[in-house]
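S.K.: Can you keep this structure in mind? I'll have questions shortly.
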Amino acid sequence: EFGGARCVHNIVKYPQCREYALMVIQQLMLSPSGDDDMGTLLGLMHSAPPTELQLKTDILRALLIVLRESHRTRTVFRKVGGFVYVTSLLVAMEKALGCPPRNGWEKVNDNQVFELLHTVFCTLTAAMRYEPANSNFFKTEIQYEKLADAIRLLGCFFESRKIRPSNILPSNNQPFHSLLEDDIAQMDFLCPMLKHCSKLFVYLYKVATDSFD
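For reference, each letter of the sequence shown is one residue, going 1 to 213 in the UniProt record's numbering.
As structure tokens, this is what we get:
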């Protein structure tokens, strides 16, 4: 009534206040009248500069908790455009994983980039879990083809859509047999592009199998 919710949303952008502000907003989103609060939080995330990765990651993590909490919040997520907001983060990260990174991403730590990417895919997975309506919405409105296009924009994949025939056999393909068990970051013998692609394939596998923790 006195604008308290708006005040809490406005201080999320300040790191020193963020944790507690997001805890309050989580409770607002879980309340029966929390639709506007979820939309406002997603809007704040969307309007942040592309390289404000920690802010976006913190917002998504707070959102992830409430999405896992109740059916109602997952329904609200779809209705307020949550799928569009979250997938648009991928588009905003164009060339973030290029070799070398471009568009200002050369100043950003790779670990922060993958922390946000991991949280993006966790959020999409949680939003569709146990929700046929959300899964169908993502399939028909967002579309997996458009998701693939957004991932290609990250910069670690070649632009060609078809693999050319080759008579050259890889000298060592064993590392790719255990991607899900091993820490890809420790595979120092792989080039950065292959590391980036491998991490993304693991994330996509976990989305497809609903196996994020």
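Yeah, the Cβ is synthetic: ideal placement off N, Cα and C, and Gly gets one too. The structure presented is a predicted model; accordingly, all values stated were derived computationally and were not measured.
Here's a check: name, in chain order, each residue in its chain whose Cβ is nearer than 6 Å to the Cβ of GLY34, leaving out the five neighbours to either side.
M.R.: Correct list, in chain order: LEU28.
S.K.: When the Cβ atoms of the stretch 99-108 are set against those of the stretch 32-46, are three or more pairs found closer than 8 Å?
M.R.: The stretch 99-108 vs the stretch 32-46: no contact.
S.K.: Quick one: Cα of PRO132 to Cα of GLY4, how far?
M.R.: So the two alpha carbons sit approximately 35 Å from each other.
S.K.: Count the C-beta pairs between the stretch 94-101 and the stretch 123-130 that are closer than 8 Å, then say yes if the count reaches three, no if not.
M.R.: Because the criterion of three Cβ pairs below 8 Å is not met, the stretch 94-101 and the stretch 123-130 do not touch.
S.K.: Measure how close the beta-carbons of MET38 and VAL80 come, nearest whole angstrom, since I'm counting them as under 8 Å.
M.R.: So it is a contact: roughly 5 Å between Cβ atoms.
S.K.: Roughly how many angstroms lie between the CA atoms of PHE121 and LYS13, to the nearest whole one?
M.R.: The straight-line gap from Cα to Cα measures roughly 22 Å.
S.K.: Since LEU116 contacts TYR203 with CB under 8 Å, what's their CB separation in whole angstroms?
M.R.: That pair is no contact at about 11 Å.
S.K.: Residues in the same chain with beta-carbon distance under 8 Å from THR73, minus the five sequence neighbours each way, listed in chain order, please.
M.R.: These residues qualify, in order along the chain: MET29, LEU30, GLY34, MET38, VAL66, LEU67.
S.K.: Spatial neighbours of ARG78 within its chain, please: CB distance less than 6 Å, with the 5 preceding and 5 following residues excluded, ordered by chain position.
M.R.: So the list reads ASN134, PHE137, once near-sequence residues are dropped.
S.K.: Just to confirm before moving on: does the CB-CB distance between ARG61 and THR119 stay below 7 Å?
M.R.: Yes. Within cutoff.
S.K.: Which stretch, first to last residue, makes up the alpha helix (DSSP H) that contains ILE151?
M.R.: Per DSSP, ILE151 belongs to the alpha helix (DSSP H) from 144-152.
S.K.: Of the choices GLU19, LYS199, ALA48, whose alpha-carbon is the least far from that of VAL86?
M.R.: Comparing Cα-Cα distances from VAL86 to each of GLU19, LYS199, ALA48, the minimum goes to ALA48.
S.K.: Could you tell me whether the Cβ atoms of ILE151 and PHE83 are closer together than 7 Å?
M.R.: Taking 7 Å as the Cβ cut-off, ILE151 and PHE83 do not qualify as a contacting pair.
S.K.: Whose C-alpha, out of GLU145, ARG129, CYS156, is nearest the C-alpha of ASP210?
M.R.: ASP210 has its Cα closest to that of ARG129, out of GLU145, ARG129, CYS156.
S.K.: With 16 other CB atoms within 10 Å as the buried threshold, where does GLN16 fall?
M.R.: Counting Cβ neighbours within 10 Å, GLN16 comes out exposed, since fewer than 16 surround it.
S.K.: If you follow the alpha helix (DSSP H) that LEU22 is in, where does it begin and where does it stop?
M.R.: Here the alpha helix (DSSP H) through LEU22 covers 15-30.
S.K.: Between which two residues does the alpha helix (DSSP H) containing ASN111 stretch?
M.R.: Counting along the chain, the alpha helix (DSSP H) containing ASN111 begins and ends at 110-128.
S.K.: Can you tell me the Cα-Cα spacing of LYS195 and THR57, whole angstroms?
M.R.: About 21 Å.
S.K.: Is the Cβ-Cβ distance between MET93 and LEU154 less than 7 Å?
M.R.: Contact: yes.
S.K.: Between ALA21 and the rest of its own chain, which residues show a CB-CB distance below 6 Å, the 5 nearest in sequence each way excluded?
M.R.: VAL8, ILE11, VAL12, listed in sequence order.
S.K.: Can you name the start and end residues of the alpha helix (DSSP H) that THR87 belongs to?
M.R.: Run containing THR87: 82-92, per the alpha helix (DSSP H) assignment.
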